[in-house]
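Asker: In the working numbering, the protein residues as written are 601 to 652. All residues carry an ideal CB built from backbone N, CA and C; glycine is no exception.
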């Protein structure tokens with residue numbers, strides 16, 4: 601069973617939105633899926649650094 605998701609509203613700079621859209625299309629993912637993937641990787645890397 602997939603984990604539940606919550607909707608949030610955030611404000612992003614246009615250049616960030618445009619770049620994420622480009623990257624998500626290249627990776628054949630939706631905008632939302634791509635942001636989730638990037639944030640998960642960032643948090644994983646942050647947790648590794650904190651553990652050191």
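(1) Kindly indicate the opening and closing residues of the alpha helix (DSSP H) around residue 601.
(2) When you measure from the CB of residue 651 to every non-hydrogen atom of the ligand NAD, does any distance come out below 8 Å?
(3) Please report the straight-line C-alpha distance between residue 605 and residue 652, rounded to a whole angstrom.
(4) Kindly indicate the opening and closing residues of the alpha helix (DSSP H) around residue 644.
(5) Determine the direct distance from the alpha carbon of residue 612 to that of residue 650, and round the result to whole angstroms.
Answerer: For this structure:
(1) That residue, residue 601, is in no alpha helix (DSSP H); it is neither H nor E in DSSP.
(2) For the ligand NAD, the structure offers nothing, since it holds no ligand at all.
(3) CA-to-CA, the gap between residue 605 and residue 652 works out to about 30 Å.
(4) Per DSSP, the unbroken alpha helix (DSSP H) holding residue 644 starts and ends at 631-651.
(5) For residue 650 and residue 612, the gap between their C-alpha atoms comes out near 27 Å.
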